[in-house]
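Right, one structure below, let's go through it.
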Amino acid sequence: MKSRHLLVASIALLVAVIPCSRAEVYSLEWLSNPGNVETGQSYYISAQAQFAIRGYYSWPVDIALVLYRDGEYVDENSTNNYDYCLALGSYFTETSPGQVDYEAYAYDYEYGEDWIYHSVTVTSPAANSAPTQVTISTPAATIRQGESLSLSSTAIDPDGNMNLHSFWRRGPRNADTFGGDWDGWVRDADNLAGWSSFSTGTAGMPGSGSNSQISAVFTPPSPGYWQFQANARDSQDAWHAGVTTPAVFVAPLPALNFAASTAGGQVGAGGGGSLTLYLGEAVTLSSTAAASGWLSEHNFYGYTPGPALFSISGGTATLSATATTTLSARTVTWTPSSAGTHTLYAEAFTGTSPGNRLHGVSGWVQYAGGPFGGLADKRVTVNVRRNPAGSLQLLNAQSNPLSLQNGIYALVEGDVFYLKISGSDADGDAVRYASRFMRPDGTLILSQEEDRDTGDGYSGSRTFGPFTANAGGDWQVWGHVIDATARAWDSITPWNENANGYYSSPHYTMRVQVNLAGLNASGIPKGLAQDGNNNGIPDLVEAALGLTPSGTNNTIPANITREYQYNEVNELIQSPERGYQLDAEGNIKNK
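When you line the sequence shown up against the working numbering, it's residues 1291 to 1881, in that order.
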């Protein structure tokens, strides 16, 4: 540093040449000067000096700004250029409490100077306290899948520097094993899936640095055991230990199966399948629903294309909706009243009261993508067909219809006859015709033909025969019309009314009278010439006497001549040995 005397001498010499310039301190101030800091805390001290230049600028002016700390030189900013404003500053970190004094000194080398002072008080930091008194509400112990739960929490930080207050969750697990570990926690702000309705508007943000209240709604995306926690943190990364809820069990949606079959079990379909049945044929619907309690409904419904919903008698069942209602097995019967395509479906719901549809599964197509799924495997498509229509006629040898009186066709032994079966199928299938008749002795005669024509409703007929009425008595006659999709295509039974693709005619009786007209070469009526056991007694006589025509105990000695006489209505009026006589009613007596 130059001595004041030398500067004066130098200046005096220069003045003798030209007017001199000189600088004076115009202002000196602190730019940054904290009053209190804590040990370990970094802080900044800075000052600025402005100079006023007097006279003419004949050469650069020497000016300076110096910073001292507790009387010790720290730093200096000086120049001999034409600058007239200087600044300087430094960072400091204290390791022990106390007071630190700072001085800023501004001057030129001849005419001006100034001093400013500042003291910084250094203290030891107070011990930080983590947030305290964090609470969390206790949710229900059991909820259904898809149901939401609400959580709320409060937190207090005595230091007022809390900067995080949020919910955490973990799960699902197959069992309540949360007490044994601390694995799997996920903070809401890190994964917002399932969270909604945050009271603060932003997940994890506290209401203030000292007191915070938050709330949110969580919808578990899958069943199982879940656990929740509330926690808080301050600016020094001090955490509250966290408070957790008991495990919450999220009960799964009902397990539901569905199947349909014809009442006779001939055709069936599982969920998502299809079956074909005939108008008037009953369908058995069966379903089992299982849930972890709370079953409130287990129903059967149907819909037609559109779909137009329709109820099934007995299909709706309201359950108790208590935690003990865990299994429901149901069977109902539905009989279609119209042909066409129908869809039957099952559904099961859980709820907190009978009939309450809180959650569930359903096969109704309009639930697809909706609250209960509209699942295809919970429904069966049913194609309801019309049975073929038909009729049966008996024709004589000339193919003319015989008259039916009181359900009986009358023929005479030896007559030739035909069976004509007419039929149609409104579904347009090919139809098959089949006939059956049974002789008085129980012999079955079957016949059938196929027809492969198709159309928008096929109709036609088949004539079977000729047949001969070669035995007296009652014959039984039936006819069938069978469509191309009938079950048991290769069988023509059963021979009664049914709904499996058949038309069966009513049971008709063909009564054949014995033909006694005309005599044989011996003058005996033809009807009496039949002797089944060759014992010389005509079968009709043996039958009239109560004997069995084929029996072996009806033998008469061969040396006896037998003559029989009948009146004009073929009644026996005379017999050998005159052992047979007629009473007043025409009955044989005196066997």
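Note that beta-carbon positions come from the ideal geometry of N, C-alpha and C, so glycine has one too.
Minimum C-alpha distance to residue i - residue among the options
| i | options | result |
| --- | --- | --- |
| residue 1366 | 1386, 1395 and 1389 | 1395 |
| residue 1463 | 1632, 1405, 1512 and 1719 | 1512 |
| residue 1803 | 1773, 1790, 1770 and 1762 | 1762 |
| residue 1257 | 1572, 1605 and 1570 | Beyond the ends of the chain as shown, which are 1291 and 1881, falls residue 1257; an answer cannot be given. |
| residue 1657 | 1611, 1388 and 1637 | 1637 |
| residue 1469 | 1516, 1505, 1489 and 1451 | 1516 |
| residue 1413 | 1383, 1503, 1457 and 1425 | 1383 |
| residue 1708 | 1675, 1732 and 1757 | 1757 |
| residue 1654 | 1791, 1610, 1589 and 1711 | 1589 |
| residue 1314 | 1397, 1731, 1535 and 1600 | 1397 |
| residue 1320 | 1387, 1386, 1404 and 1353 | 1404 |
| residue 1500 | 1353, 1603, 1447 and 1409 | 1447 |
| residue 1474 | 1518, 1632, 1705 and 1526 | 1518 |
| residue 1428 | 1528, 1635, 1389 and 1538 | 1538 |
| residue 1672 | 1569, 1482, 1426 and 1328 | 1569 |
| residue 1591 | 1585, 1602 and 1643 | 1602 |
| residue 1594 | 1530, 1670, 1660 and 1572 | 1670 |
| residue 1387 | 1431, 1561, 1572 and 1331 | 1331 |
| residue 1362 | 1390, 1352, 1385 and 1342 | 1390 |
| residue 1328 | 1415, 1453, 1726 and 1572 | 1415 |
| residue 1674 | 1735, 1471 and 1565 | 1565 |
| residue 1727 | 1714, 1751, 1712 and 1755 | 1755 |
| residue 1316 | 1369, 1402 and 1352 | 1402 |
| residue 1454 | 1485, 1432, 1502 and 1436 | 1502 |
| residue 1458 | 1514, 1478 and 1644 | 1478 |
Which residues DSSP lists as bridging residue i, in chain order
| i | result |
| --- | --- |
| residue 1406 | 1394 |
| residue 1433 | 1540 |
| residue 1733 | DSSP, once it has assigned bridges, lists no residue as partnering residue 1733. |
| residue 1521 | 1456 |
| residue 1646 | None; residue 1646 has no bridge partner. |
| residue 1475 | In the DSSP output, where bridge partners are listed per residue, residue 1475 has none listed. |
| residue 1321 | Its beta-bridge partners do not exist; DSSP assigns none. |
| residue 1676 | In DSSP, residue 1676 forms no bridge with anything. |
| residue 1691 | 1685 |
| residue 1622 | 1575 |
| residue 1612 | Answer is none; residue 1612 lacks a bridge partner. |
| residue 1715 | 1748 |
| residue 1600 | 1592 |
| residue 1425 | 1444 |
| residue 1438 | None, per the DSSP bridge assignment. |
| residue 1765 | 1800 |
| residue 1389 | 1411 |
| residue 1378 | 1337 |
| residue 1529 | 1523 |
| residue 1710 | 1683 and 1753 |
| residue 1514 | 1540 |
| residue 1792 | 1772 |
| residue 1485 | 1508 |
| residue 1699 | 1800 |
| residue 1501 | 1446 |
| residue 1315 | 1341 |
| residue 1384 | Answer is none; residue 1384 lacks a bridge partner. |
| residue 1326 | 1411 |
Distance between beta carbons of residue j and residue i, contact taken as under 8 angstroms
| i | j | result |
| --- | --- | --- |
| residue 1510 | residue 1476 | With a Cβ gap of about 13 angstroms, residue 1510 and residue 1476 do not count as contacting. |
| residue 1794 | residue 1768 | 7 angstroms |
| residue 1905 | residue 1489 | The first residue shown for the chain is 1291 and the last is 1881, placing residue 1905 beyond what the model contains. |
| residue 1677 | residue 1791 | 7 angstroms |
| residue 1520 | residue 1443 | 4 angstroms |
| residue 1633 | residue 1597 | 7 angstroms |
| residue 1583 | residue 1615 | 6 angstroms |
| residue 1551 | residue 1621 | Their Cβ separation, rounded to whole angstroms, is 10 angstroms, which puts residue 1551 and residue 1621 out of contact at 8 angstroms. |
| residue 1418 | residue 1528 | 6 angstroms |
| residue 1579 | residue 1542 | Not confirmed; about 12 angstroms, so no contact. |
| residue 1522 | residue 1581 | Not a contact, Cβ separation roughly 38 angstroms. |
| residue 1355 | residue 1392 | No, residue 1355 and residue 1392 are not in contact; Cβ-Cβ is about 13 angstroms, not under 8 angstroms. |
| residue 1774 | residue 1704 | Going by Cβ atoms, the distance from residue 1774 to residue 1704 rounds to 39 angstroms, so no, they are not a contact pair. |
| residue 1265 | residue 1325 | The structure shown does not extend to residue 1265, since the chain spans only 1291 to 1881, so no value can be given for it. |
| residue 1334 | residue 1381 | 5 angstroms |
| residue 1797 | residue 1723 | Going by Cβ atoms, the distance from residue 1797 to residue 1723 rounds to 17 angstroms, so no, they are not a contact pair. |
| residue 1725 | residue 1711 | 6 angstroms |
Check: residue i C-beta below 8 angstroms from any heavy atom of the ligand COA
| i | result |
| --- | --- |
| residue 1329 | Of ligands this structure carries none, so the ligand COA is not represented either. |
Notebook entry, point to check: Taking contact to mean at least 3 C-beta pairs separated by less than 8 angstroms, is the region 1329-1342 in contact with the region 1370-1387?
Noted result: Here the region 1329-1342 lies against the region 1370-1387, with 3 or more beta-carbon pairs under 8 angstroms apart.
Checklist line | the region 1652-1671 touching the region 1696-1705, judged by at least three CB pairs closer than 8 angstroms | finding: Flag = no, the region 1652-1671 and the region 1696-1705 do not touch.
Item checked: 3-residue-minimum beta strand (DSSP E) runs that sit fully inside the region 1534-1588, ordered along the chain -> Secondary structure remark: continuous beta strand (DSSP E) runs of at least 3 residues inside the region 1534-1588, in chain order: 1538-1541, 1545-1552, 1558-1560, 1564-1568 and 1573-1580.
Margin query: Below 8 angstroms, how does it come out for the region 1704-1719 and the region 1642-1650: are there three or more Cβ pairs, yes or no?
Written below: Judged by Cβ distances under 8 angstroms, the region 1704-1719 makes no contact with the region 1642-1650, as fewer than three pairs qualify.
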